[in-house]
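The sequence shown begins at 38 in the numbering used here and counts up one residue at a time.
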Amino acid sequence: MKLKRILAVGTAMLGVSAFVPTPIVQKCVSMVFADDDSLSYGDFTYRISSSSVYNSETGKYESHEYARVFKLADSAKGDIVIPDEIEGYKVEVVDFEGLFYGRDDITSVTFPKYIVSAESFYAIPETCEIKFAEGCENFCIENGFLVQNNASYTDYNDGWRTKQGKSILRSIEPLSGEVTVPEGIVQLYGTFSGNADITTINLPSTVSYIGWYFCADMPSLTAINVAEDNPTYFSYKGALGRYRDVGSGYYDEENSEWVHVPELAKYILAVPEGYEGEFVVDDGDALTLSSICFEDVSKMTAVKLGKDTIFNCAGFAGCTSLEEIELNGEVYSVSGIEKWRQSYYDEETGEWRSSDEAESFNMTEAMFGDTKWYQEQPDGVLYCGDTVIGYKGEPSGDKLDIKDGTRTIVDKAFNGLDIAEANIPASVEYIGRYAFDCPNLTAVNIAADNKEYCSDEGVVYDKDKTMLKLYPQGKTSESYTVPDGVQIIVPNAFDGNKFIKTVDIPDSVYNISGWDEYGGSFKNCTALENIVIPSSVGYLDSGAFYGCKLKSLDLPATLDSFNAGHSNYDYLIFRNPQCEIQGMNPCTLVGLDGSSAQAFAQEHQLEFMLLDDYDKAQATATTTTTTTTTTTSTTTTATTTTTTKATTASTTAPPTTTTTTTTPTPPTTTTTTT
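Shown next, in the form of structure tokens:
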């Protein structure tokens with residue numbers, strides 16, 4: 038497992054001991070300055086550094102200086118003894134990579150007495166004997182392992198507190214077969230990484246921190262066993278797992294404190310690279326398969342996950358023998374097709390824009406492509422058990438039929454594919470985000486007996502029709518009326534539809550999602566012209582219209598604040614005279630005389646129009662102007678409105694309204710009777 042970094046939660050560090058022995062005066066040798074701030078002392082190059090150490094007796098941090106040895110002269114060979122002190126400074130830190138990297142002429146190294154931290158200890162040649170000066174208390178050899186006695190580590194079971202304890206740094210001699218870590222060891226780094234002969238690792242109850250690369254590149258490793266009373270780690274059928282507290286909390290008003298309610302979840306961190314045959318998680322076993330836990334398990338032939346699992350894994354890189362995959366629980370990993378647009382700077386407008394053509398990357402192929410299972414799949418929808426994970430090849434027809442029995446369609450499953458229509462069976466319980474982000478899609482049809490979703494003319498809702506979930510991108514209607522009873526227009530619901538011009542939103546809707554490019558309900562609806570927000574909406578993020586150029590956005594009197602800096606408008610109507618305004622792209626503000634909108638317009642030199650004049654212009658424009666007895670001719674009367682700059686609008690008469698035959702301003706909706 039070349040990248041088995043999932044075993045670490047933090048950066049692997051070697052701690053600093055609180056133990057400071059009595060100094061021993063050593064014989065001095067010549068000391069000269071090197072070219073930089075480093076110094077030479079015999080065969081060694083070092084620097085003088087300083088650090089602060091907390092004194093528990095005084096309750097204060099105390100600063101002290103020490104020597105850091107980081108280079109060995111090329112002429113030094115054989116037995117190397119690192120001095121305890123250099124010119125009165127204790128040698129507390131040693132960089133073994135600088136000393137020994139590439140050196141096979143070193144037969145032994147003696148750690149100094151006061152050493153508290155060692156860097157790159159893996160650079161010590163395997164043929165080099167490790168010794169310690171008399172009185173060295175921070176490092177020792179125990180059961181064939183190089184051990185640091187006072188290493189810092191994170192205790193996950195005690196508020197993630199930093200503590201000190203025994204850490205195995207490396208083995209002294211090559212290991213093979215079954216290896217048992219001694220009781221009392223609290224942390225492990227890449228202790229066994231790269232060892233091709235170890236078959237089993239037994240971990241004690243005391244281990245509470247395992248670092249990156251712990252079991253990487255170990256092709257013979259078949260099992261990692263953890264003591265049953267270990268509160269941090271566990272083993273499941275030979276795989277290594279860790280408990281994680283995913284609990285929530287509440288505020289205790291009586292005691293004025295936040296109370297955390299713990300809830301332990303079980304995460305699988307690593308399946309041993311030498312694991313053979315099927316890896317099966319039974320129904321009822323609630324496990325999360327995380328990060329790259331399956332990487333390079335080259336002898337595993339099948340993965341079958343039960344209905345209570347969560348697959349939050351990066352896939353099956355290096356699983357070259359894997360022939361069968363069943364993902365029957367929840368799937369949170371991003372497979373499917375990743376799609377994005379490159380950005381460029383438009384010098385004419387002075388704005389950053391996204392390119393019209395989207396680029397894509399098939400994540401499913403990247404996550405599953407090494408397996409025999411993927412290589413033998415025909416082109417089409419890819420099913421892993423009851424889960425759709427993506428699509429192989431290019432769609433061959435206009436219609437996509439999901440087979441009965443499917444429970445999950447993962448996020449971005451068909452993102453960007455050329456699909457005109459999709460049919461979803463009753464068995465589907467989850468449709469992921471961007472799963473049908475398809476430019477030519479005109480309808481998603483949900484089986485009538487589906488318990489989670491329903492559809493109406495190809496538009497997808499939840500079963501109770503309280504959430505509008507998907508308005509297909511390729512649906513060509515210019516207007517749409519959201520059914521009464523819908524309460525939420527979810528993130529990305531209308532995303533990318535380039536035909537819709539007007540959307541009528543009922544008073545039942547109270548939530549329209551924002552979040553700009555990450556989730557605006559009407560994101561990238563480039564034809565959208567006019568939107569009236571109902572009074573039931575108490576909060577609106579203008580990111581809901583990210584990428585749109587609206588002619589008008591009519592905000593209700595119930596809206597107390599609005600950030601107008603995320604989208605573009607011709608007219609922005611504020612019906613709340615005290616609405617707090619943040620951010621703004623140039624446009625005409627409409628509001629009451631003396632309102633915050635008028636003040637904002639005047640302050641920022643924007644055009645302003647009185648609300649009464651705007652409403653009258655709209656009423657005039659929507660009145661039938663001519664009725665004839667024929668069916669071949671139509672006469673329409675429109676209006677145009679002249680506005681004045683905000684610097685004068687607050688002191689002059691409202692803009693006048695005249696009847697003409699030109700294009701109306703502000704934007705209008707015209708009804709004609711023939």
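Glycine included, C-beta positions come from ideal geometry on N, C-alpha and C. Small disclaimer: the values here were computed from a predicted structure and weren't measured.
When you compare the CB of residue i with every CB in chain C, is at least one pair closer than 7 Å?
| i | result |
| --- | --- |
| residue 255 | Looking for chain C here will not work: only one protein chain is present. |
Identify the residues that DSSP records as bridge partners of residue i: which are they?
| i | result |
| --- | --- |
| residue 169 | 148 |
| residue 307 | 277 |
| residue 271 | 278 |
| residue 101 | 88 |
| residue 646 | 627 |
| residue 576 | DSSP output for residue 576 lists no bridge partner at all. |
| residue 445 | 424, 467 |
| residue 794 | This structure cannot settle anything about residue 794, because the visible part of the chain is limited to 38 through 711. |
| residue 458 | 436, 480 |
| residue 177 | 184 |
Starting from residue i, trace the alpha helix (DSSP H) in both directions and tell me its first and last residue.
| i | result |
| --- | --- |
| residue 134 | 133 to 137 |
| residue 208 | Run containing residue 208: none in the alpha helix (DSSP H); it sits in the beta strand (DSSP E), 198 to 208. |
| residue 405 | 400 to 405 |
| residue 641 | 633 to 641 |
| residue 411 | 409 to 412 |
Pick from the options: whose alpha carbon is nearest that of residue i?
| i | options | result |
| --- | --- | --- |
| residue 337 | 315, 213, 228 | 315 |
| residue 136 | 119, 585, 126 | 119 |
| residue 217 | 237, 230, 204 | 237 |
| residue 427 | 451, 440, 404 | 451 |
| residue 464 | 429, 431, 422, 127 | 422 |
| residue 495 | 479, 191, 365 | 479 |
| residue 255 | 309, 174, 643 | 309 |
| residue 141 | 153, 128, 113, 361 | 113 |
| residue 558 | 532, 219, 325 | 532 |
| residue 282 | 301, 268, 290 | 301 |
| residue 181 | 193, 210, 373 | 210 |
| residue 488 | 278, 501, 477 | 501 |
| residue 509 | 412, 214, 460, 166 | 460 |
Note down the Cα distance separating residue i from residue j, rounded to an integer number of angstroms.
| i | j | result |
| --- | --- | --- |
| residue 630 | residue 546 | 29 Å |
| residue 456 | residue 437 | 7 Å |
| residue 68 | residue 149 | Caution applies to residue 68, whose pLDDT of 38 falls short of 50 and renders its modelled position unreliable; the value that the coordinates give is listed next. The straight-line gap from Cα to Cα measures roughly 19 Å. |
| residue 627 | residue 600 | 15 Å |
| residue 92 | residue 158 | 28 Å |
| residue 671 | residue 384 | Below a pLDDT of 50, predicted positions are generally treated as unreliable, and residue 671, at 39, falls in that range; the measurement from the model is reported next regardless. When rounded, the distance between both Cα atoms is 44 Å. |
| residue 85 | residue 122 | 12 Å |
| residue 206 | residue 333 | 24 Å |
| residue 594 | residue 633 | 13 Å |
| residue 335 | residue 355 | 6 Å |
| residue 307 | residue 187 | 27 Å |
| residue 679 | residue 548 | Interpretation of residue 679 is limited by its pLDDT of 37, a score under 50 that renders its predicted location unreliable; the figure taken from the coordinates is listed afterwards. Straight-line Cα distance between these residues: approximately 35 Å. |
| residue 524 | residue 544 | 9 Å |
| residue 81 | residue 171 | 21 Å |
| residue 298 | residue 196 | 13 Å |
| residue 317 | residue 576 | 47 Å |
| residue 78 | residue 134 | 18 Å |
| residue 493 | residue 646 | 40 Å |
| residue 458 | residue 648 | 44 Å |
| residue 324 | residue 274 | 12 Å |
| residue 603 | residue 285 | 33 Å |
Take residue i and list the residues in its own chain whose beta-carbon comes closer than 6 Å to its own, dropping the five residues that flank it on each side.
| i | result |
| --- | --- |
| residue 470 | 448 |
| residue 263 | 240, 270, 271, 272 |
| residue 468 | 446 |
| residue 89 | 98, 100 |
| residue 552 | 580 |
| residue 115 | 144 |
| residue 382 | 389 |
Any chance the CB of residue i is under 6 Å from a heavy atom of the ligand COA?
| i | result |
| --- | --- |
| residue 619 | Among the components of this structure there are no ligands whatsoever, and the ligand COA is therefore not found. |
Could you please give the first and the last residue of the uninterrupted beta strand (DSSP E) stretch that includes residue i?
| i | result |
| --- | --- |
| residue 155 | 154 to 156 |
| residue 498 | 496 to 499 |
| residue 598 | 598 to 601 |
| residue 339 | 337 to 342 |
| residue 504 | 504 to 507 |
| residue 493 | 490 to 493 |
Take residue i and list the residues in its own chain whose beta-carbon comes closer than 8 Å to its own, dropping the five residues that flank it on each side.
| i | result |
| --- | --- |
| residue 515 | 536, 537, 538, 539, 564 |
| residue 713 | Summary: the structure shown does not reach residue 713, with the chain confined to residues 38 through 711, and so no result is reported for it. |
| residue 617 | 597, 598, 599, 633 |
| residue 233 | 254, 255, 256, 257 |
Who are the near neighbours of residue i in its chain, counting only those whose CB is closer than 7 Å to its CB and skipping five residues on each side?
| i | result |
| --- | --- |
| residue 441 | 462, 464 |
| residue 497 | 481, 483, 490, 506, 507 |
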